[in-house]
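*Asks:*
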Amino acid sequence: MQNHTLSQPAPAQPPSTTVRRWSEGATLYFGTLALALIALPGLTGCADMSGIASTAQVRDAASVGLGTPVPDALQVDAAQPADVPADVPADWWRGFGDAQLDALVQQALATSPSLKLAEARIARATAFTDTARAAQGPQLNGSLDATRQLYSQNGPYPAGQAGSILSVETARLSGSWEIDFFGKNRAALVSAVGAANAAQADAQAARLLLAANVARNYLQLARLQAQLQVAERTLAQRNETLQLVQGRLAAGLDTQLELRQSEGGLPEARQQIEALREQVALTRNAIGALVGDPNAAVALNPPALTAIQSIAVPAALPADLLGRRPDVAAARWRVEAATKDIAVARAQFYPNVNLTAFVGLSSLGLSNFVEAGSKEWGVGPAIRLPIFDSGRLRANLRGKSADLDAAIE
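Using the numbering used here, count along the sequence shown one by one with no gaps and you end on 412.
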């Protein structure tokens, strides 16, 4: 069996013949493309999505005091969620003027597993946003194939190729671009950005909740310490009173009745002190759990209520204050994302239109690979229309509609 390559080039065509063939081919190509685009609207009725819709009712944001509606997700910086109150500082707890509290909150924020999880979810949502944005642009790929092949003697091959072992080399640069006629890619991008904003709002809500819990327990510890000091002073005063009554009884100035009355308040005072000490220990343990370091709570100096500054609360609160809460903002962004997911599911019922093109070299035999006659190119549309999918698209649309119902409710 021979191991060789074909080296006879095809006869050259006159320039006029090449131009004429190019003109005829271009006319046929663009005519076919125009016909396909004209027929495209008529192809949209092949898939049926009737009878599938969300049943939940979306209420206007202003009607429930949530301020302005959710803005266009593409106009919102994913690094800073919308509806975050700009007039409230991120480190609001510093308003108490307590350095010990500041250190505890910073330690809690730095070591919290829930915040690390929230940050991971933000990174994941941001990656999905980049993926959705990339789907709107062109795609370019390169390929290089080299195959050593034995051609069948009984196959449809010309003489010199049948029964020979030949090498086939192909180098190609190919590209494609999906024309978003029905808004599928844009809706997917808006949904991804909405989900990223919701993740940002969730992270802010987790941060706010953690800082609030640390501050609440810290102030609770200060209150319990103050109550414990009062209870201990009360017990000391009752002991002094008892000693005084005992002295008066010994001098014959008081009776057993006054002695019993003085002794009666001591057990109650001791029980109150024990209860307060237990609450102090529990509060310290709670602070240790929040900051992730039990030793930090044990070594915590009892704060004095008089040393803690009060944070001024505005006399008039805005009507849209509820809408500024991070958890509410996250819920609104999830509704926005779920709405766009339905738009994506609906767009999948319509034709998918791509423009594809390639250019490269291809030859039967390595010796011909870099010759001018080895070049090849192609360009054209690719239209795909769902006709029968055993109910997959309808099931997907029902699922997205249910997701929207869940997000609203």
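C-beta atoms are modelled at their ideal positions from N, C-alpha and C, and glycine is treated no differently. Since we're looking at a predicted model, the values are computed, not measured.
For Q1, does the three-state DSSP call read helix, strand or coil?
*Replies:* Because the chain here runs from 4 to 412, residue 1 falls outside it and cannot be looked at.
*Asks:* Nearest to L147 by alpha carbon, out of E374, N399 and G363?
*Replies:* Taking only the C-alpha atoms, the option nearest L147 is G363.
*Asks:* Going by alpha carbons, who is nearest to K378 out of E339, R175, L256 and A56?
*Replies:* The option with the nearest alpha carbon to K378 is R175.
*Asks:* Can you list, in chain order, the residues of its chain whose CB lies under 8 Å from that of P297, leaving out five sequence neighbours each side?
*Replies:* The residues are N288 and G291.
*Asks:* Closest to N355 by CA distance: which of E181, F372 and W95 is it?
*Replies:* Per the Cα distances, E181.
*Asks:* State the start and end residues of the unbroken alpha helix (DSSP H) segment that holds L407.
*Replies:* Its alpha helix (DSSP H) spans residues R395 to I411.
*Asks:* Given that a residue counts as buried once 16 or more other Cβ atoms are within 10 Å of its Cβ, and exposed if not, what is F391?
*Replies:* Exposed is the call here.
*Asks:* For G383, report the span of its beta strand (DSSP E) as first-last.
*Replies:* Residues K378 to R387.
*Asks:* Tell me the residue span of the beta strand (DSSP E) that contains R97.
*Replies:* It is not in any beta strand (DSSP E) - R97 carries neither H nor E in the DSSP assignment.
*Asks:* Use the C-beta contact count for Q264: other C-beta atoms within 10 angstroms, 16 or more gives buried, fewer gives exposed.
*Replies:* Flag for Q264 reads exposed.
*Asks:* For Q232, count neighbouring Cβ atoms within 10 angstroms of its own Cβ and tell me buried if that reaches 16, exposed if not.
*Replies:* Label assigned to Q232: exposed.
*Asks:* Under the three-state reduction of DSSP, which class applies to T173: helix, strand or coil?
*Replies:* Strand.
*Asks:* Considering only the alpha carbon of each residue, which of I168, R328 and V108 lies closest to L222?
*Replies:* The residue with the shortest Cα to Cα distance from L222 is V108.
*Asks:* Just to confirm the assignment, what range does the beta strand (DSSP E) spanning V356 have?
*Replies:* It spans N355 to L367 - the beta strand (DSSP E) in which V356 sits, taken as one unbroken run.
*Asks:* Drop a sphere of 10 angstroms on the beta-carbon of L224, count the other beta-carbons inside from all chains shown, and report buried for 16 or more, exposed for fewer.
*Replies:* Answer is buried; the Cβ neighbour count reaches 16.
*Asks:* Does R124 have its Cβ less than 7 Å from a Cβ in chain B?
*Replies:* No chain B appears in this structure, which consists of one protein chain only.
*Asks:* Name, in chain order, the residues that DSSP records as bridge partners for I182.
*Replies:* The partner list for I182 (beta bridge, DSSP) reads V356.
*Asks:* Using the C-alpha atoms, what's the distance from A126 back to V196?
*Replies:* If I take the Cα positions, the gap works out to 12 Å.
*Asks:* Taking only the alpha-carbon atoms, compute the straight-line gap between A190 and W336 and give it to the nearest angstrom.
*Replies:* Approximately 14 Å, taken between the alpha carbons.
*Asks:* Grab me the residues of F352's own chain with a C-beta within less than 7 Å of its C-beta, minus the 5 sequence neighbours each way, in chain order.
*Replies:* These residues qualify, in order along the chain: A50, M52, P389 and L396.
*Asks:* Just how far apart, CA to CA, sit T417 and P141?
*Replies:* This structure gives no information on residue 417, because the portion of the chain shown stretches from 4 to 412.
*Asks:* How about L227 and A272: do their beta carbons lie closer than 7 Å?
*Replies:* Their beta carbons are not under 7 Å apart, which means L227 does not touch A272 by this criterion.
*Asks:* Is the distance from the Cβ of G178 to the Cβ of A360 below 7 Å?
*Replies:* Going by C-beta atoms, G178 is nearer than 7 Å to A360.
*Asks:* Would you mind sorting E243 into buried or exposed? The rule is 16 or more other CB atoms within 10 Å of its CB.
*Replies:* By the 10 Å Cβ count, E243 comes out exposed.
*Asks:* Keeping to the same chain, check which residues put their C-beta closer than 8 Å to that of P159; ignore five residues upstream and five downstream.
*Replies:* Nothing meets the Cβ criterion.
*Asks:* Taking the alpha carbon of Q110 as the point to measure from, which residue in V217, A254, V373 and P92 has its own alpha carbon closest?
*Replies:* Looking at the Cα atoms, V217 is the closest of the given residues.
*Asks:* Just tell me which of L112, G394 and D105 has its CA closest to the CA of L293.
*Replies:* Taking only the C-alpha atoms, the option nearest L293 is L112.
*Asks:* Whole angstroms is fine: what's the gap from Q240's alpha carbon to L252's?
*Replies:* Roughly 18 Å separates the two Cα atoms.
*Asks:* Could you tell me the boundaries of the alpha helix (DSSP H) in which V233 lies?
*Replies:* Element bounds for V233: K187 to A253.
*Asks:* Mark D349 as exposed unless 16 or more other C-beta atoms lie within 10 angstroms of its C-beta, in which case mark it buried.
*Replies:* Before going on, a small fix: residue 349 reads as Arg here, not Asp. By the 10 Å Cβ count, R349 comes out buried.
*Asks:* Below 7 Å CB to CB, which residues in the same chain sit around T58 once its five sequence neighbours on both sides are set aside?
*Replies:* Closer than 7 Å at Cβ, skipping near neighbours: D408.
*Asks:* Select from Q230, L308, S167 and A121 the residue whose C-alpha is nearest the C-alpha of A199.
*Replies:* It is A121 whose Cα lies nearest to the Cα of A199.
*Asks:* Between the C-alpha atoms of G268 and A234, what's the straight-line distance to the nearest angstrom?
*Replies:* Using only the alpha carbons, I get a separation of about 12 Å.
*Asks:* E339 to S194, Cα distance in whole Å?
*Replies:* Cα-Cα distance, rounded: 7 Å.
*Asks:* By a C-beta neighbour count over all protein chains shown, 10 Å radius and 16 as the cutoff for buried, is D94 buried or exposed?
*Replies:* D94 should be labelled exposed.
*Asks:* Given A208, which residues of its chain have a CB within under 6 Å of its CB, disregarding the five upstream and five downstream residues?
*Replies:* So the qualifying residues of the chain are P329 and D330.
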